[in-house]
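Engineer: Starting off with a structure, shown below.
There are 2 protein chains.
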Amino acid sequence: MQILLETSARHLHVTREVLDILFGEGYELTHKKDLSQPGQFACEERVTVVGPKKSIEKVSILGPARAATQVEVSLTDARTLGVTAPVRESGDVAGSGPCKLIGPCGEVEISEGVIAAKRHIHFTPEDAKEFGVEDKQIVSVKIESDGRSLTFGDVVVRVSEKFSLAMHIDTDESNAACAVNGTMGELIK
Amino acid sequence: MQILLETSARHLHVTREVLDILFGEGYELTHKKDLSQPGQFACEERVTVVGPKKSIEKVSILGPARAATQVEVSLTDARTLGVTAPVRESGDVAGSGPCKLIGPCGEVEISEGVIAAKRHIHFTPEDAKEFGVEDKQIVSVKIESDGRSLTFGDVVVRVSEKFSLAMHIDTDESNAACAVNGTMGELIK
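Read top to bottom, the protein sequences are chains A and B. Just so it is clear: in the first sequence, position 59 is 58 by numbering that gives the first Met the number 0, and no numbers are missing. Just so it is clear: in the second sequence, position 177 is 176 by numbering that gives the first Met the number 0, and no numbers are missing.
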């Protein structure tokens, strides 16, 4: 059974408070395009992520604002920044990497929030039933590509009515598999 | 059967002619440290690799000089540079990506030579016999790691008396597997 692969480039989620600091009190994010997960969208707004070693400019914000600020980078990016980014599920930021964020109106130091996203698949309850998987289950996904076929282990199943079926990997993982737009993966339980 | 994984960071191999241009006529590379493959060594010398989009500074030269100049980057680097780097075996540079190289004494445009290395294992003939593999055979290698276990397919077997047993992957691949110093892989035929 095949699942569409989506590559997440580096991005960040911000709290209302951080948005106020970076872009000004009461600022509203500008919707650029919808993402595959319902309600989630890429924004026009960009910020600079500063690590002890280097900075990365023009990092996209994904909306809407969230309860915790979270900077999702590849491990290649983490090394560039000079930050230790643990491999974590979204939202699990306790004790993760620190950084500074710079926006057009201000800057803020965050003591944690920099993570490398743990690879995962978004299922609706209906899709999960069809694939025979449960929330939090760990599965594998086999990718056939031109010269870099591989099988990802440690793929987390996430099930919610708010989701749409898609597997999310970061740019390092995408490159390791030579994945391109439209690449599908085969679920292996 | 287990094989040591080695991560190759971006680097380049240069011809005698390119070395003359970048560092001056008759310049000799400075040995910094031996690599796992006999006779191969990391050098003190660094160059800037320039692509149409961005440059990457301080890229290491690996010695000794070779018959063809070859710039080995990750696909993350290739995107940063704005160059299309095909996944190729070392030495197979025909029609690969172009770039400009800048050294302390000069610069040179190369029309091809930028590749992403195809993952591979170096075997001595004795090791190949023990593992039951042959030169050019395609195998898989399973990596167990904390949170990013995976199985690399499309791994090329290379056998030579000049080699020492080790599997080589690039930084994207290493990050996709959360490989660290000393990580071993299990050969799967």
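The beta carbon of each residue, even a glycine, is placed where N, CA and C say it ideally should be.
1. With DSSP as the reference, label residue 32 (chain A) as helix, strand or coil.
2. What residue from A:179, A:186 and A:36 has the CA that sits closest to residue 189 (chain A)'s CA?
3. Using 8 Å as the limit for Cβ to Cβ distance, is residue 86 (chain A) near chain B?
4. Compile a chain-ordered list of the residues in the stretch 146-167 of chain A whose CB is closer than 8 Å to at least one CB of chain B.
5. I think residue 58 (chain B) touches residue 98 (chain B), with their Cβ atoms under 8 Å apart; what is that distance to the nearest whole Å?
6. The alpha helix (DSSP H) that contains residue 127 (chain A), what's its start and end?
7. Can you tell me whether residue 115 (chain A) is helix, strand or coil according to DSSP?
8. For a contact meaning CB atoms closer than 7 Å, what does residue 74 (chain B) contact in chain A?
9. By how many angstroms is the C-alpha of residue 0 (chain B) removed from the C-alpha of residue 130 (chain B)?
10. Comparing alpha-carbon positions, which option in B:25, B:45, B:20 and B:24 lies nearest residue 31 (chain B)?
11. Report the residue from B:181, B:187, B:180 and B:175 whose alpha carbon sits nearest the alpha carbon of residue 74 (chain A).
12. Identify, in the order they occur along the chain, each residue of the same chain with its Cβ nearer than 8 Å to the Cβ of residue 14 (chain B), setting aside the five sequence neighbours on each side.
13. Using the Cα positions of residue 148 (chain B) and residue 186 (chain A), report the straight-line distance between them to the nearest angstrom.
14. Distance check for residue 109 (chain A) and residue 162 (chain B), CA to CA, integer angstroms please.
15. Is it buried or exposed for residue 43 (chain A), if we count other Cβ within 10 angstroms and need 16 for buried?
16. Whole angstroms is fine: what's the gap from residue 55 (chain A)'s alpha carbon to residue 188 (chain A)'s?
17. Residue 67 (chain B) by DSSP, collapsed to three states: which one?
18. Taking only three categories from DSSP, how would you classify residue 8 (chain B)?
19. Of the residues that make up the stretch 100-131 of chain B, which ones have a beta carbon closer than 7 Å to any beta carbon in chain A?
Structural biologist: Straight from the coordinates:
1. strand
2. In the structure displayed, chain A extends from 0 to 188; residue 189 (chain A) sits before or after that span and is not available.
3. yes
4. For the stretch 146-167 of chain A, which is checked against every Cβ of chain B, the residues closer than 8 Å are 146, 147, 148, 149, 150, 151, 152 and 153.
5. 10 Å between Cβ atoms; not a contact.
6. Residues 124-130.
7. In this structure, DSSP gives residue 115 (chain A) an extended state, which the three-state scheme calls strand.
8. 174
9. 7 Å
10. B:45
11. B:175
12. 64, 65, 66, 67 and 68
13. Computed Cα separation, rounded: 15 Å.
14. 47 Å
15. exposed
16. 38 Å
17. Looking at residue 67 (chain B) - three-state DSSP - the assignment turns out to be coil, as it is neither helix nor strand.
18. In this structure, residue 8 (chain B) counts as coil in the three-state DSSP scheme.
19. 117
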